[in-house]
Structure formats: structure tokens, C-alpha cells
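Residue numbers (our numbering): 1130 to 1378.
Beta carbons are placed, not taken as given, at the ideal position from N, Cα and C, and that holds for glycine.
This structure is a prediction, so every number in the text was calculated from the model and none was measured.
Below you'll find the structure, written out as C-alpha cells, and then a few comments.
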Amino acid sequence: MKWKKQLKQGHNIVLISNHQTEADPAVIALLLEKTCPRIAETLVYVAGDRVVTDPLCKPFSMGRNLLCVYSKKHMNDIPELVDMKKRANTRSLKEMAMLVRSGSQIIWIAPSGGRDRPDAVTGEWYPAPFDASSVDNMRRLVEHSTAPGHIYPLALLCHDIMPPPPQLEKQIGERRMISFHGVGVSVAPEINFKEVTASCENQEEAKEAFSKALYDSVNEQYNVLKSAIYGYNGFGASNSIVSLSQPWH
């Protein structure tokens, strides 16, 4: 893996991902522990506050490296807490900046600001759209670090482990169903900001183009994982971008 070598060289890696359940960090660590044990142990997850406040979700967060932030989607749920949430997010951003300054960091973040949900009509699952500003914030954070940085798109499929409710909930204590099911993770080649945005005419256009390139890659990988797990195609779902393997074989 190219990014394993980059980490050893002191570079920073950011994994831009979709988000399916609060168990995502545990699932990713489990899938990586055989082939990439050091990464599985040191990966830092930018997570929502529910992973440490919801009693059902807290066990999945134990032993993981978390930087907690408040999602934009829930920022105004309780008006009197807005200022506190913004201050907490600023502290997390400063801590992240200190981490990348030291180099050899690998950080996972889901810029959709929430979990993926099924289409209301078809019931099909797909990655939720990315927030271009969140993607751009991570890009600038990496670029302004003294250590070189790289951004990779990661796709994760594990929603049947603990599906979220159909709609956004403001309160802690959602009704949840937990089950046993196949899961998958995929990382595509690095996406270079300058290459993707070479023809863009302004910063805003470049920001949207880069976010779209990352999202499209995650979506493509997600469809391969879906074909492998739900289409029962297994390794046969692999293509020129995604080469599937079983970490325990």
C-alpha cells in the first residue's frame, strides 16, 4: 500500500469516507487489524458527539482514538448549547492541527456530517453527499502542515450491523436494531487537488470539484462492496480500481 510507505516517511494521510453507523471505527479497525495492525491501532477518527454520549454507542468507541465534533446537522438542535458546541469544535480543530504538524498521522473523517440513510422510495443505501466546506477544511489543514499530506477516498459498507433510524433524530436514545452481517472497506488511489481543479476558474468551483471527485470515488467503491456482499459476487466484484480480499485468508 502506497499510503503505508507515506506514513513511514512522516507524511500525513486523511481518509475521506462515508459514514454508516456509530460502530464504523470498530468495523474499520477489525478489517485492518490483520493486514495493517499498526494503522488499525493508531488511526484517529473524527467522530460525532453521540459516540461518547449515547450508552448504546459508547462500547464501539472504546479503545479507539477519537476527536469529537458536533455535526452541523445537530448544531442548532438546542439553541442554548450552540456556543458551547462551536467552542468544542474549535478545540478539536486545534488538536487536529497539532497532530498533523507532528507528521505520520492517519485521520478518518466523514464530511457528510451524518450517517448514510436509505432512499425513501427505493430503500437502496448509498453514501450521503459530502459537505464541500468540510472537505476543503481538511485539505487546507493538511496543506498548511509542515509534513507532506495526502487525501484518499475510503468507502465503508456496514449499515446492517446497526442501521440508523430513517430520519434524523435530535435526542439521544434512538430505537436501534443490532445484527450480524457482512461488512467491507475499500481505499482508492490518492486524489490530487491540483490535478482535479486545474481547469477551475475560482476557489469555490475548485472546492466543489474536489469534493465531487472524492464523493464519486467513494460511491464507485461502495457499489463494488455492495455487489460483493449483497450481490453475493464476492471477489468477483473486483475491478480495475477495487481489488477485494479477505483479511483472514
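E1151 is classed as buried because its beta carbon has at least 16 other beta carbons within 10 Å across all chains shown. Contact check between the region 1225 to 1236 and the region 1252 to 1261: fewer than three CB pairs, one atom from each, fall below 8 Å, which does not count as touching.
Only residues of its own chain outside the window of five on either side were considered, and among them A1335, A1338 have a CB closer than 8 Å to the CB of C1329, listed in chain order. Taking H1148 as reference, the option from L1185, I1320, A1257 with the minimal CA-CA separation is A1257. Ranked by how close their Cα comes to the Cα of R1220, the residues G1242, E1333, G1365, C1197 have C1197 in first place.
Pairing V1347 with S1200 gives a Cβ-Cβ distance that is not under 8 Å. Taking a C-beta distance under 8 Å as the contact criterion, I1235 and L1343 do not qualify as a contact pair. The DSSP-derived three-state label of H1288 is helix.
Note on geometry: alpha-carbon atoms of V1264 and Q1138 lie some 24 Å from one another.
Contact annotation: L1283 and S1315 have beta-carbon atoms nearer than 8 Å.
With fewer than 16 neighbouring CB atoms inside 10 Å of its own CB, M1191 falls in the exposed class.
Annotation: A1335 is outside any beta strand (DSSP E); the continuous alpha helix (DSSP H) that includes it extends over 1332 to 1358. In the three-state reduction of the DSSP assignment, S1231 falls in the helix class. As a beta-bridge residue in DSSP terms, N1194 pairs with V1173. P1166 carries a helical assignment under DSSP once its states are collapsed to helix, strand and coil. S1372 counts as exposed, since fewer than 16 other beta carbons sit within 10 angstroms of its beta carbon. At least 8 Å separates the beta-carbon of I1370 from that of G1313.
D1153 has its alpha-carbon roughly 12 Å from the corresponding atom of K1187. Counting every other CB atom within 10 Å of its CB across the protein chains shown gives M1213 a total below 16, marking it as exposed. By the criterion of a C-beta distance shorter than 8 Å, I1168 is surrounded in its chain by K1133, L1136, L1161, I1235, once the five residues flanking it on both sides are discounted.
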